[in-house]
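Below you'll find the structure, written out as structure tokens, and then a few comments.
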Amino acid sequence: MSSRKSDTSAPSASADDAPLAASTTAPVWRQSLIASLGANLPIPVLLLLLIPLSRIVEGQAFGLYNQRIVMLIGFNIILAVSLQLINGFSGQFSLGHAGFMAVGAYLAAYPAISYSQRLTDPTSCLLFFISLGIVFAIGGVILLGLFLLIRMTRRIHSAVPMWLLLLWIIWIVADFARGSLLDRQAWPYWLIWTRLIAALQSMFDHMIAAGQTPAANFSAHLPVFLQQPLSYLVLVIGGGLCAAVVGLVVGMPALRLRGDYLAIATLGLAEIIRIVIQNSQPLGGALGLTGIPKFTDFVWLYGAVIITIVVIWRLGYSAKGRAIMAVREDEIAAAAIGIDTTRQKVIAFMVGAFFGGVAGAMFSLHERSITPGSFGMAKSIEIVVMVTLGGLGSISGAIAAAIVLTLLPEILRNVGAEISDYRMIIYSALLVVMMLVRPQGLLGGRELWPRRFFRKQAQPRGFPVGGVK
Amino acid sequence: MIRAASDPSQPLLHVVNVSRHFGGLSAVSDFSLELRRGELIGLIGPNGAGKTTCFNLITGVYKPSSGEIFASGERIDGLAPMQINRAGIARTFQNIRLFQNLTVLDNVLVGFNRPAEMGLFRTILRLPGFARERVRAEVDGMDLLSILDLADHANQLARNLPYGQQRRLEIARALATSPRVLLLDEPAAGMNPNEKQDLMELVRFIREKFDVGILLIEHDMKLVMSICERITVLDHGEIIAVGPPAQVRCDPKVVEAYLGEPV
């Protein structure tokens, strides 16, 4: 015991003056620079691969049918990998990924049709997203303020806020019902909610009207070769950010639930998103939006897939990801060691929703027309199947499953006429067999390649191995 | 995370008349405790006496119905468990709650929870600062593991460790949050006499090495009597005796409620 007491002080206190690792002698900054460069080396290599790959995929010999399958695989990889962060890493089983995809798709397609002048006006698209953001922020602050006021009444009695909330909802519904049925002038004092919405809408219209001409002028001065890619980027990132905000709004209340209850809540929320779109006239209702300019091609999609995988990989296998996984493993223990559990869950949810929205936006700018039907429950479940089949917590597993499950029905379609008729039955049977044989999924939480490539295992510094028994 | 030097005149943990009832059932009533720097206090009592409830009240799992709790002079009752841990109180659990599917090293690294390591842009772009913080954290984590003799198992999954080592890993994880107060909930449960002996040495060693005050729930009287300076005895949620081991051992109320015939 006595020899140990004379050692250095507690490890956390002596972190700054100690050498980084006992085995190496290079200065700290050089070591970290080399590590940083080493970690970023794969990205240019992956992007260089794009040149031969795009030659093959976009060549004449490859064929439109095969090209379309490759694109589908790309979208599915983005969706599966982003859902893996939510379902696999943070352990919050979400069944609503198609909802985020729908938000991204519609909020990219709508400005693409109405404001982008066939993708030549990036500034107007930006104006659309900024105006939308301001209007929703104002509406959100009003709603949140009222909600907090109502919450404060629980000091009177714990049941008061619930009754007030119910009355509030009835008031809103009654307002909208009257607003659509009767002459608006007849009920001036009741129609506060209808009028609030109308005011916000006219505010939005004013902002667009005031900004559109200068925005168009600004866009006209941009170099021509930049106009289309810039508009595309604004639309895709804007769609993704809108989905992330929806993820936050949806996530805050939903993440108080656990397990099956959360799964059902997310399923319901995705359905709400779909039904709201289906009943919204500007978004085309059940017929959907048509005449969306097509811009997503293999090159863009490849880039987006690489960025998604890299970002989610790095987030998942870092200190941040460790905290997210700790919440999955044991929420009470995670809170007891100082982890903000709600924050970790919301971050995972928002990042996952962002990439879901990006996939949706790119999908809508590839398909020329979208309908609410493409973002229904079936799509959500398709993505969940990919994540589960690939193995919860495995990014490479999600990629592999996305490729296999997109290819499988197409391969079965082409084997022969007899098999082609039964291809969906074979597909489902294969899923059942797969889950019976490997319930933990293809990779079962592991990755195809090692997590530490060049880094050495850290060694303890100040203490002899084999301390107190 | 290096804590600011606390006011030495303040006790590390000061619990004042805390009560908690669930409906009509009073689980803990008027529980008070004062833990000073470097002290080791034992909390004993028969099963269901409210010992673990006291831990849950201190660490914020339950909110006290009445009473106040201070950590180094700072009021902490009513805060969330996460905030209480950040105020310098760490605990282990009676039924082991490790992050089963993370490696042993990762279990400790989660406890560090350092903001510098968590930056979003650093993480996504893998800037040099990220690599530096990561290596720093890993070396510190390995140091901590080697103190608790777990360094050889650093890359195993926590669920694959034998029972005694899982207990030690839980202590390592709690220490990673650099606490001032360590609450150990039956650390020797299910251990054989040799392992208990090792554990006693470990607890003493941790107290000096990490300069923490320790509050210990334990059923093994030999262990408690030999290492604790003071003992608080609970029965039916109420304190029936407080004092040094020799005094508590002879207290007739304690003998009746818990010890049985004098040892």
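As you go down the protein sequences, you meet chains A and B in turn. 1563 is the number that my numbering gives to position 400 of the first sequence; each next residue is one higher, with no gaps. 887 is the number that my numbering gives to position 241 of the second sequence; each next residue is one higher, with no gaps. All C-beta atoms, glycine included, are put in the ideal place defined by N, C-alpha and C.
Contacts around residue i, its chain only, beta-carbon distance under 7 Å, and the 5 residues preceding and following it disregarded
{"i": "A1184/A", "result": "In this predicted model, A1184/A has a pLDDT of only 44, less than 50, meaning its place in the structure is not dependable enough to derive any value."}
{"i": "M1366/A", "result": "V1298"}
{"i": "Y1590/A", "result": "L1571, P1572, L1575"}
{"i": "I1276/A", "result": "L1452, G1454, I1455"}
{"i": "T1187/A", "result": "Residue placement at T1187/A cannot be trusted, given a pLDDT of 49 that sits under 50; what the coordinates show is reported in the next sentence. Excluding positions up to five away in sequence, the list reads Q1194."}
For residue i, three-class secondary structure by DSSP
{"i": "I1533/A", "result": "strand"}
{"i": "G1401/A", "result": "helix"}
{"i": "D1493/A", "result": "coil"}
{"i": "H1320/A", "result": "coil"}
{"i": "S1583/A", "result": "helix"}
{"i": "L1309/A", "result": "helix"}
{"i": "R760/B", "result": "coil"}
{"i": "Y904/B", "result": "helix"}
{"i": "I1502/A", "result": "coil"}
{"i": "D844/B", "result": "helix"}
{"i": "A1561/A", "result": "helix"}
{"i": "Q1391/A", "result": "helix"}
{"i": "R1624/A", "result": "coil"}
{"i": "D1423/A", "result": "helix"}
{"i": "R895/B", "result": "helix"}
{"i": "F1518/A", "result": "helix"}
Proximity test, Cβ basis, 8 Å: residue i and chain B
{"i": "I1436/A", "result": "no"}
{"i": "L1204/A", "result": "no"}
{"i": "K1483/A", "result": "yes"}
{"i": "A1173/A", "result": "In this predicted model, A1173/A has a pLDDT of only 38, less than 50, meaning its place in the structure is not dependable; the value taken from the coordinates is given anyway. Output row for A1173/A: interface = yes."}
{"i": "Q1622/A", "result": "yes"}
{"i": "W1612/A", "result": "no"}
{"i": "V1191/A", "result": "yes"}
{"i": "S1195/A", "result": "yes"}
Distance between beta carbons of residue j and residue i, contact taken as under 8 Å
{"i": "R805/B", "j": "Q746/B", "result": "4 Å"}
{"i": "A830/B", "j": "I860/B", "result": "The sequence given here has Leu at residue 830/B, not Ala. Going by Cβ atoms, the distance from L830/B to I860/B rounds to 6 Å, so yes, they are a contact pair."}
{"i": "W1331/A", "j": "I1305/A", "result": "So it is not a contact: roughly 12 Å between Cβ atoms."}
{"i": "G1556/A", "j": "F1252/A", "result": "6 Å"}
{"i": "L613/B", "j": "L679/B", "result": "The displayed coordinates of chain B run from 647 to 909. Any statement about residue 613/B would go beyond what the structure contains."}
{"i": "S1195/A", "j": "A777/B", "result": "4 Å"}
{"i": "L1398/A", "j": "A1271/A", "result": "4 Å"}
{"i": "G1402/A", "j": "A1524/A", "result": "3 Å"}
{"i": "L1606/A", "j": "V1548/A", "result": "With 8 Å as the limit, L1606/A and V1548/A do not qualify as a contact, their Cβ atoms being about 15 Å apart."}
One or two residues paired with residue i in a DSSP bridge
{"i": "G688/B", "result": "L862/B, I877/B"}
{"i": "V827/B", "result": "I735/B, G859/B"}
{"i": "I885/B", "result": "L880/B"}
{"i": "H660/B", "result": "E680/B, F716/B"}
{"i": "L671/B", "result": "F668/B"}
{"i": "L1452/A", "result": "I1533/A"}
{"i": "T749/B", "result": "L803/B"}
{"i": "R721/B", "result": "F716/B"}
Proximity test, Cβ basis, 8 Å: residue i and chain A
{"i": "I689/B", "result": "The question names Ile, but residue 689/B is Leu in the sequence shown. It does not; no Cβ of chain A falls within 8 Å."}
{"i": "T699/B", "result": "no"}
{"i": "M788/B", "result": "yes"}
{"i": "F739/B", "result": "yes"}
{"i": "L755/B", "result": "yes"}
{"i": "K899/B", "result": "no"}
{"i": "F745/B", "result": "yes"}
{"i": "S872/B", "result": "no"}
{"i": "P774/B", "result": "yes"}
{"i": "A820/B", "result": "yes"}
{"i": "V888/B", "result": "no"}
{"i": "V785/B", "result": "yes"}
{"i": "N759/B", "result": "yes"}
{"i": "E864/B", "result": "no"}
{"i": "L681/B", "result": "no"}
{"i": "S792/B", "result": "yes"}
{"i": "L748/B", "result": "yes"}
Residues near residue i in its chain [Cβ-Cβ closer than 8 Å; skip 5 each side]
{"i": "P890/B", "result": "E875, R876, I877"}
{"i": "S1532/A", "result": "G1451, L1452, T1453, G1454, I1455"}
{"i": "L755/B", "result": "A783, E784, G787, A822"}
{"i": "Q1230/A", "result": "V1220, E1221, F1461"}
{"i": "D866/B", "result": "A834, K842"}
{"i": "N702/B", "result": "Y708"}
Residues near residue i by beta carbon distance below 6 Å, same chain, minus five either side
{"i": "G1254/A", "result": "R1491"}
{"i": "P1535/A", "result": "R1437, I1440, Q1441"}
{"i": "L1393/A", "result": "P1285"}
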